[in-house]
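Below is one structure; the comments refer to it alone.
There are 2 protein chains.
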Amino acid sequence: MNIPFPYLLMLGESKDPLAIKTARGIHYWRPEKCMGQLRLNDDVPSLNLPDIDIQTAAKDGAKTLVLGMANAGGVLAPHFVPYIVEALNAGMNVASGLHQRLADTPAIAEAAEKSGTALFDLRHSNETLPVGTGIKRSGKRLLTVGTDCSVGKMFTTLALEKTMKARGLSATFCATGQTGILIEGNGIAVDAVVSDFIAGATEALSPDCEPNQWQLVEGQGSLLNPAFSGVTMGLLHGAQPDALVLCHEANRDTIRHLPHMPIPNIADIMELAVRLAKLTNPNPRFVGLAINTSALSEDEAKRYLDSLSNQYGLPATDPVRFGVDNIVDNLIHVFEE
Amino acid sequence: MNIPFPYLLMLGESKDPLAIKTARGIHYWRPEKCMGQLRLNDDVPSLNLPDIDIQTAAKDGAKTLVLGMANAGGVLAPHFVPYIVEALNAGMNVASGLHQRLADTPAIAEAAEKSGTALFDLRHSNETLPVGTGIKRSGKRLLTVGTDCSVGKMFTTLALEKTMKARGLSATFCATGQTGILIEGNGIAVDAVVSDFIAGATEALSPDCEPNQWQLVEGQGSLLNPAFSGVTMGLLHGAQPDALVLCHEANRDTIRHLPHMPIPNIADIMELAVRLAKLTNPNPRFVGLAINTSALSEDEAKRYLDSLSNQYGLPATDPVRFGVDNIVDNLIHVFEE
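Going down the list, the sequences are from chains A and B. The C-terminal position of the first sequence is numbered 337 in the working numbering, with every residue numbered one higher than the one before it. The C-terminal position of the second sequence is numbered 1337 in the working numbering, with every residue numbered one higher than the one before it.
Here is the structure:
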């Protein structure tokens, strides 16, 4: 899979800024892929991209209409179908991270077939995946692991890629979730594969590569999240990481959506991740901590990061506030010098 | 899902005894469900069930034709289709553990629809599953965990059910794989669900129950199998086991199909399983070790089991050779007295 760009980002009709989180992520990390935005009314928050209609976008060379809005239940609203059909008829592909499969709407399937365009359903994999083997691959891998879901693993991984590239290192982002796949244009939604193939999918996603190349694998879930730990485990064994980065959100006390479940201790997650990672890598090492400190003032954040850094003997940062230079410094120190 | 019985067991056409392993398991554990066998030639090993043709079976009340043979690649051989269609037309349901979906063969889908019979594709789940929550459920649960795949977890779990029932305990077998589901008539193939739902599927499979009831959850894979650890992890967190039984095969040195991967140490797996299980159960405890000693003589087996029993302070047995009474004794001692 390779989702062709430039993209026209469909932002939908909701005025809720959270509804366009995916589109915002694509635009933030890959502005060069985004030709414009399509808003169905003026109340929809703008990404400050040009507002373009489908015909104009297609004429100007847009390759894919990206459904960059989150919908309740992941369902495709029926009144969005005409826009999708119009884009397909105009020769654009359509990519969707919704649960509902695009091809399950007959009008969409027909239009795609007639126009010879592609439908990218990122939550549904048609690929035949291998099962994992644990065989050591060439090149180097880094994996972000978290104390929970939604603590900044994707952001951290992309920030590391950007900073490493700016330092002249060879780094690739390996996307494992819908938003990451839309950003990168390829990847595998590991939480959407059949569970027998989690590790195999991760291995396929980060194959043998040049000895000096770093594959930066986007983490998912948490080893101690009772809903998604299986995904995290398969990802950890499949990624066979040389380097690990711990992701955490300051002041989050309970697991997302599970108020009866306390957030695991950072030290526990780190110790557990290293222990389990040793199954497929002889010497996995944490190189830093990436903390979402949005709940703290800047001063509080700095104090908290300092205390974590002292406690674990590793650089700690908030990638949004302070970048990830200190983690990359340490990665270079540990692995490249 | 509830697969209606009596079953007619389709044994296929191969003379390889391994090809009828699933049918053998069904007949061994649930002889009362098996009306007869269907062999396509005389070289096919017999289960010593009556050889019955489809029409006779249907007339005598057989409810489901079970495809109890393993096929290369899990594919349905085209010349088996007429038998399946005949059974459907005769009013029987059809159950299959093959990778290839029965309903994907148009003649089969049509016959099922016309006759109002059901197709049970055990490797494909159409159920809408919840995600896991880790909320504590009433009743008690036991999970078998192994040092690898195919070390006797299903056999051990079924042996425990039989022995516990014989002692007057309330015990239910919760099937998590194809053969187990055919034996029990219901269950969820957890390795076939989308990976986000492994724990949720396990929770749905072992819901709240009476305080004195034991749900015996069939384990899958291993926490240290690089291909399938994700399934095992989700199963462990979803099952929230009170009791654990360790399964291992004597003299197996490397992980199945992965000769570069040494079998994990029994002590490591036990310590890891308890540590991880604590996420969803405050006090998970091993109650015994079930060892496949088929590679050893009876004397060697007894010496090996004695040494394990001393080492871990737990009863050790080979369920096939010596039954599981000693494990059930200990379970009663720890939990019921």
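Glycine included, every Cβ here is placed at the ideal spot set by N, Cα and C.
Contact check, residue i vs residue j, beta carbons under 8 Å
{"i": "Asp1148/B", "j": "Ile1255/B", "result": "yes"}
{"i": "Gly25/A", "j": "Ile183/A", "result": "yes"}
{"i": "Asp1242/B", "j": "Pro1211/B", "result": "no"}
{"i": "Ala1295/B", "j": "Asp1318/B", "result": "no"}
{"i": "Val231/A", "j": "Asp196/A", "result": "no"}
{"i": "Val324/A", "j": "Thr156/A", "result": "yes"}
{"i": "Ile1269/B", "j": "Val1151/B", "result": "no"}
{"i": "Ile84/A", "j": "Val94/A", "result": "yes"}
{"i": "Leu1258/B", "j": "Gly134/A", "result": "yes"}
{"i": "Leu1205/B", "j": "Cys1174/B", "result": "yes"}
{"i": "Lys1112/B", "j": "Ala1090/B", "result": "One point to set straight first is that residue 1112/B is Ala, not Lys, in the sequence displayed. No, these two residues do not count as a Cβ contact at 8 Å."}
{"i": "Pro226/A", "j": "Gly1132/B", "result": "yes"}
{"i": "Leu67/A", "j": "Leu143/A", "result": "no"}
{"i": "Leu1308/B", "j": "Ile1291/B", "result": "yes"}
{"i": "Asn352/A", "j": "Asn2/A", "result": "Because chain A in this structure spans residues 1 to 337, residue 352/A falls outside the shown range and cannot be described."}
{"i": "Val1044/B", "j": "Leu1011/B", "result": "yes"}
Euclidean distance between Cα positions of residue i and residue j
{"i": "Leu1049/B", "j": "Lys1162/B", "result": "22 Å"}
{"i": "Arg1137/B", "j": "Ala1199/B", "result": "14 Å"}
{"i": "Lys1278/B", "j": "Gln1220/B", "result": "19 Å"}
{"i": "Gly1116/B", "j": "Ala1087/B", "result": "12 Å"}
{"i": "Arg303/A", "j": "Pro1282/B", "result": "34 Å"}
{"i": "Gly180/A", "j": "Glu218/A", "result": "8 Å"}
{"i": "Tyr7/A", "j": "Cys34/A", "result": "5 Å"}
{"i": "Gln1055/B", "j": "Leu1065/B", "result": "11 Å"}
{"i": "Asn1041/B", "j": "Val1081/B", "result": "16 Å"}
{"i": "Trp214/A", "j": "Pro207/A", "result": "11 Å"}
{"i": "Lys165/A", "j": "Thr172/A", "result": "9 Å"}
{"i": "Ile1263/B", "j": "Pro78/A", "result": "53 Å"}
{"i": "Thr1105/B", "j": "Ala267/A", "result": "52 Å"}
{"i": "Leu1160/B", "j": "Leu1216/B", "result": "8 Å"}
{"i": "Leu314/A", "j": "Leu1098/B", "result": "50 Å"}
{"i": "Ser46/A", "j": "Arg39/A", "result": "8 Å"}
{"i": "Gly1234/B", "j": "Arg1252/B", "result": "25 Å"}
{"i": "His124/A", "j": "Ala1109/B", "result": "23 Å"}
{"i": "Ser96/A", "j": "Val194/A", "result": "19 Å"}
{"i": "Asp1016/B", "j": "Pro130/A", "result": "26 Å"}
{"i": "Thr1280/B", "j": "Gln1178/B", "result": "26 Å"}
{"i": "His1027/B", "j": "Ile1188/B", "result": "20 Å"}
{"i": "Trp29/A", "j": "Lys153/A", "result": "14 Å"}
{"i": "Ala103/A", "j": "Pro1004/B", "result": "34 Å"}
{"i": "Glu298/A", "j": "Glu1336/B", "result": "55 Å"}
Burial state of residue i (16 or more Cβ within 10 Å)
{"i": "Thr176/A", "result": "buried"}
{"i": "Thr128/A", "result": "exposed"}
{"i": "Gln1240/B", "result": "buried"}
{"i": "His1333/B", "result": "exposed"}
{"i": "Gly1168/B", "result": "exposed"}
{"i": "Leu1018/B", "result": "exposed"}
{"i": "Ala23/A", "result": "buried"}
{"i": "Ser222/A", "result": "buried"}
{"i": "Ser1014/B", "result": "buried"}
{"i": "Ala107/A", "result": "exposed"}
{"i": "Gln311/A", "result": "exposed"}
{"i": "Glu1271/B", "result": "exposed"}
{"i": "His1260/B", "result": "exposed"}
{"i": "Glu1249/B", "result": "buried"}
{"i": "Gly238/A", "result": "buried"}
{"i": "Lys63/A", "result": "buried"}
{"i": "Asn1071/B", "result": "buried"}
Any non-hydrogen atom of the ligand COA within 7 Å of residue i CB
{"i": "Ala1019/B", "result": "As presented, the structure is devoid of all ligands, the ligand COA included, so that no description of it is given."}
* Which full runs of the alpha helix (DSSP H) of 4+ residues lie inside the stretch 174 to 204 of chain A, going along the chain? -> 178 to 184
* Where are the beta strand (DSSP E) runs, 3 residues long or more, that stay fully inside the stretch 219 to 298 of chain A, in chain order? -> 243 to 249, 258 to 262, 285 to 292
* **Residues within the stretch 254 to 265 of chain A neighbouring chain B, beta-carbon criterion of under 9 Å** => Ile255, His257, Leu258, His260, Met261, Pro264
* Give, in chain order, every unbroken run of the beta strand (DSSP E) that is at least 3 residues long and sits entirely within the stretch 1058 to 1126 of chain B. => 1064 to 1067, 1093 to 1096, 1119 to 1121
* Under 9 Å (Cβ pairs) to chain B, residues found in the stretch 226 to 253 of chain A -> Pro226, Ala227, Phe228, Ser229, Gly230, Val231, Thr232, Met233, Gly234, Leu235, Leu236, His237, Gly238, Gln240
* Below 7 Å between beta carbons is the criterion; list the residues of the stretch 186 to 206 of chain A that meet it against any residue of chain B, in chain order. => Val190, Asp191, Ala192, Val193, Val194, Ser195, Asp196, Ile198, Ala199, Gly200
* Runs of beta strand (DSSP E) wholly within the stretch 1131 to 1156 of chain B (minimum 3 residues, chain order) -> 1140 to 1146
* Please name the residues in the stretch 131 to 144 of chain A whose beta-carbon is closer than 9 Å to at least one beta-carbon of chain B, in chain order. => Val131, Gly132, Thr133, Gly134, Ile135, Lys136
* Contacting positions in the stretch 1277 to 1288 of chain B - beta carbon closer than 8 Å to chain A -> Leu1279, Thr1280
* Segments assigned alpha helix (DSSP H), at least 4 residues, entirely inside the stretch 13 to 59 of chain A -> 21 to 29, 54 to 59
* Asked: What residues from the stretch 214 to 226 of chain A come within 7 Å of chain B, judged by C-beta to C-beta, listed N to C?
  -> Leu224, Pro226
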